[in-house]
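Colleague: Quick note on the numbering used here: the sequence shown kicks off at 12 and runs consecutively.
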Amino acid sequence: MARIDVVMPQMGESIAEGTLSKWLKQLGDEVKRDEPLFEISTDKVDAEIPAPAAGVLAEIKVQEGQTVPVQTLVAVIETDKGASATAAPSAAAQRAPAASGAAVASSPPTPAAPSRPLPASTAPVKGGDGAETAEERLRRKSTPLVRKIAAEHRVDISTIPGTGFAGRVTKQDILGVIERGAPAVPRAPGPQRLAPAVEHPAVEPWPGDRVEPFSKIRKITADHMIMSRRVSAHVTSFFEVDYSRVAELRRKHKAANAERGVNLTYLAFIAKACAENLRTHPVVNAAVSGDNIIYRQDVNIGIAVALDWGLIVPVVKRADELSLSGLARAISDLGERARTKKLSPDEIQRGTFTITNPGVFGSYAGAPIINQPQVAILGVGAIEKRPKVVTLADGTDTIAIRTMGMVSMSYDHRVVDGADADRFLADVKRTLENFPEGAI
Numbered sequence: 012m013a014r015i016d017v018v019m020p021q022m023g024e025s026i027a028e029g030t031l032s033k034w035l036k037q038l039g040d041e042v043k044r045d046e047p048l049f050e051i052s053t054d055k056v057d058a059e060i061p062a063p064a065a066g067v068l069a070e071i072k073v074q075e076g077q078t079v080p081v082q083t084l085v086a087v088i089e090t091d092k093g094a095s096a097t098a099a100p101s102a103a104a105q106r107a108p109a110a111s112g113a114a115v116a117s118s119p120p121t122p123a124a125p126s127r128p129l130p131a132s133t134a135p136v137k138g139g140d141g142a143e144t145a146e147e148r149l150r151r152k153s154t155p156l157v158r159k160i161a162a163e164h165r166v167d168i169s170t171i172p173g174t175g176f177a178g179r180v181t182k183q184d185i186l187g188v189i190e191r192g193a194p195a196v197p198r199a200p201g202p203q204r205l206a207p208a209v210e211h212p213a214v215e216p217w218p219g220d221r222v223e224p225f226s227k228i229r230k231i232t233a234d235h236m237i238m239s240r241r242v243s244a245h246v247t248s249f250f251e252v253d254y255s256r257v258a259e260l261r262r263k264h265k266a267a268n269a270e271r272g273v274n275l276t277y278l279a280f281i282a283k284a285c286a287e288n289l290r291t292h293p294v295v296n297a298a299v300s301g302d303n304i305i306y307r308q309d310v311n312i313g314i315a316v317a318l319d320w321g322l323i324v325p326v327v328k329r330a331d332e333l334s335l336s337g338l339a340r341a342i343s344d345l346g347e348r349a350r351t352k353k354l355s356p357d358e359i360q361r362g363t364f365t366i367t368n369p370g371v372f373g374s375y376a377g378a379p380i381i382n383q384p385q386v387a388i389l390g391v392g393a394i395e396k397r398p399k400v401v402t403l404a405d406g407t408d409t410i411a412i413r414t415m416g417m418v419s420m421s422y423d424h425r426v427v428d429g430a431d432a433d434r435f436l437a438d439v440k441r442t443l444e445n446f447p448e449g450a451i
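1) Between E89 and M12, which are expected to be in contact by the criterion C-beta below 8 Å, what is the C-beta distance as a whole number of angstroms?
2) Go through its chain and collect everything with a Cβ distance to A177's Cβ below 6 Å, but skip five positions before and after it.
3) In the DSSP output, which residue or residues are listed as bridge partners for Y306?
4) Mind checking R78: buried by the 16 CB within 10 Å criterion, or exposed?
5) Does the beta-carbon distance from S243 to D16 come in below 7 Å?
6) So what's P61 in DSSP terms, helix, strand or just coil?
7) Thinking just about the alpha-carbon of each residue, which of A213, A317, N311 and A298 is nearest to the one in R229?
8) Just the C-alpha distance for G187 and S300, rounded to the nearest angstrom, thanks.
9) So, T414 versus K440, is the Cβ gap smaller than 7 Å?
10) Beta-carbon separation of S226 and M420 under 7 Å?
11) When you compare the segment 359-379 with the segment 323-337, are there three or more beta-carbon pairs, one atom per stretch, that lie closer than 8 Å?
12) If we require 3 or more residues per run, which beta strand (DSSP E) segments fall completely within the segment 346-388?
13) Relative to the C-alpha of V386, which candidate in V73, A341 and V294 has its C-alpha closest?
14) Should R106 be labelled buried (16 or more other beta-carbon atoms within 10 Å of its own) or exposed?
15) Let me confirm a value: K72 is counted as buried when at least 16 other C-beta atoms fall within 10 Å, else exposed. Which label applies?
16) Is there contact between the segment 231-242 and the segment 403-411, where contact requires at least three CB pairs shorter than 8 Å?
17) For G370, tell me which candidate among E358, K352, P356 and L389 has the shortest Cα-Cα distance.
18) Should V42 go down as buried or exposed, given a rule of 16 or more other Cβ atoms within 10 Å for buried?
19) With DSSP as the reference, label T90 as helix, strand or coil.
20) Can you give me the Cβ contacts of R434 inside the same chain, cut-off strictly under 8 Å, excluding the 5 residues immediately before and after it?
21) In terms of residues, what are the limits of the alpha helix (DSSP H) holding K265?
22) In the DSSP output, what is R441 paired with across the bridge?
23) Taking the alpha-carbon of T442 as reference, which of G66, Q82, Q383 and A286 has the nearest alpha-carbon?
24) May I ask which residues mark the beginning and end of the beta strand (DSSP E) holding V400?
25) Helix, strand or coil for M19 per DSSP?
26) So which of K182, A65 and S52 has the shortest CA-CA distance to G39?
27) Suppose the cutoff is 7 Å on Cβ atoms and the five residues either side in sequence are ignored; what does the same chain contact list for A269 look like?
28) Which residue wins for smallest C-alpha separation from L260, given the options V87, P20 and I451?
29) Reducing DSSP to helix, strand and coil, say where E287 ends up.
30) Contact defined as beta carbons within less than 8 Å: I believe K265 pairs with L275. What is the distance between those atoms, to the nearest angstrom?
31) Please state whether the Cβ-Cβ distance between V391 and A339 is less than 7 Å.
32) Quick one: what's R419 bridged to in DSSP?
33) Should L354 and T232 be called a contact, given that it needs their Cβ atoms to be closer than 7 Å?
34) What residue range does the alpha helix (DSSP H) around V242 cover?
35) Comparing alpha-carbon positions, which option in S343, H245, H164 and M236 lies nearest A282?
36) Keeping to the same chain, check which residues put their C-beta closer than 8 Å to that of V85; ignore five residues upstream and five downstream.
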């Protein structure tokens with residue numbers, strides 16, 4: 012009887028741990044090779060993890076909601092299908108319905124205790140009254156890898172506002188501080204003052220209300236948005252765009268592109284216009300690093316995707332090098348895989364500019380929050396037919412029905428001035444209103 016270990020996978024180089032958010036199989040269930048076994052959440056992505064072999068789920072080592080380091084043993088599969096489960100039923104399994112294959116309701120994610128004892132030199136110490144000490148809180152807000160990097164560079168983790176789940180300091184956080192040239196801070200003996208994590212005030216539920224804990228992705232989004240508002244000086248500009256030229260090109264080339272499996276959406280045209288103009292407006296395709304501006308060489312456009320369980324931003328890499336149809340394919344593919352939890356961690360990283368499209372739900376215009384560490388985000392309003400004053404060739408004005416829509420761009424006024432933002436938006440507007448047919 013062969014026993015196959017199932018471990019917490021490493022979903023990207025910078026990922027040191029993951030939360031097992033949901034078991035898709037129960038103790039004693041038969042599983043097929045590559046069949047989804049459990050779901051995990053990390054600081055970067057939610058994903059389904061497939062079974063490494065066919066057999067019976069014999070042991071469950073990590074319960075739903077637990078956060079453990081990568082390579083931690085989470086389960087054991089016995090490849091002899093006649094074997095019975097050898098482990099005592101877990102708490103999650105005991106709560107499961109008796110019907111075969113029934114799903115277990117997820118409990119709110121909470122950090123798990125380490126699976127092995129900490130060395131005596133680093134073990135947390137309780138205060139005299141049993142309360143959690145600052146050292147314990149630090150340990151809970153970072154991983155061993157992050158603490159190792161911090162120690163090597165003599166950086167005080169307690170001074171870093173974490174962007175990870177529940178305010179945890181991630182590898183990207185600590186490396187960002189080091190890249191910005193943060194001064195070495197020797198740790199003084201005794202308790203250290205912790206940087207305040209994002210706090211969401213408690214509100215009293217009323218009778219009949221339903222209280223539902225944040226999902227991991229919702230918690231990450233909430234903390235990230237609050238952090239972005241604190242960090243960047245947000246300003247928003249609005250431009251009205253006449254999409255009549257784009258509408259004409261879509262009608263003309265819709266059938267031919269559909270035969271090739273390409274859907275020429277308005278969003279594809281907008282992404283193409285942005286990609287072309289980001290190269291000539293580098294400050295909009297930048298990032299702030301301490302007292303420096305990083306002008307990104309690559310043009311990587313993130314496309315916000317609304318999911319039933321939250322928001323995710325997959326990234327089209329080197330978007331300025333793609334044709335219109337190539338961009339349309341990439342946007343469609345990333346959106347579909349975001350909805351089915353098939354994205355890899357690399358596909359939601361290294362964005363330089365973001366587009367969000369609330370107009371698909373009917374929104375006229377909005378002021379989106381910047382996706383850190385970028386300096387600008389474009390919001391697309393509803394595109395619809397509206398009356399507009401147009402000037403005819405003879406110089407007279409008339410009212411015509413045109414396909415119109417608003418675009419808005421929130422930008423970081425620390426580095427992007429209003430003139431910079433408006434020049435970029437004016438060029439995007441000009442590109443869309445005079446889109447060349449040869450680019451189709």
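We put the CB at the ideal spot given by N, CA and C, even for glycine.
The structure presented is a predicted model; accordingly, all values stated were derived computationally and were not measured.
Modeller: Reading it off the structure:
1) Between M12 and E89 the Cβ distance is about 6 Å, and since that is below 8 Å, they are a contact.
2) Confidence at A177 is low in this model, with a pLDDT of 46, below 50, so its placement is unreliable and no value can be given for it.
3) According to DSSP, which records beta bridges pairwise, Y306 is partnered with A297.
4) It is Thr, not Arg, that sits at residue 78 in the sequence shown. Counting the other Cβ atoms within 10 Å of the Cβ of T78 gives 16 or more, which makes it buried.
5) no
6) strand
7) A317
8) 8 Å
9) Going by C-beta atoms, T414 is not nearer than 7 Å to K440.
10) no
11) yes
12) 364-367
13) V294
14) Because R106 carries a pLDDT of 32, less than 50, the predicted location of this residue cannot be relied on, and no value is offered for it.
15) Here K72 is buried, its C-beta having at least 16 other C-beta atoms within 10 Å.
16) Taking a cut-off of 8 Å on C-beta distances, the segment 231-242 does not touch the segment 403-411, as fewer than three cross pairs fall below it.
17) L389
18) buried
19) coil
20) H292
21) S255 to E270
22) Paired residue(s): none; R441 is not in a bridge.
23) Of the listed residues, the one whose Cα sits closest to T442 is A286.
24) It spans E395 to T402 - the beta strand (DSSP E) in which V400 sits, taken as one unbroken run.
25) coil
26) A65
27) none
28) I451
29) helix
30) K265 to L275, Cβ: 6 Å. Contact.
31) no
32) It should be noted that the sequence gives Ser, not Arg, for residue 419. DSSP output for S419 lists F249 and G390 as bridge partner(s).
33) In this structure, L354 keeps its C-beta atom at 7 Å or more from the C-beta atom of T232.
34) Start and end: K227 to V242.
35) Distances from the CA of A282 to each of S343, H245, H164 and M236 were compared; the closest alpha carbon is that of S343.
36) V17, V18, M19, L31, F49, I71, K72, V73 and V79
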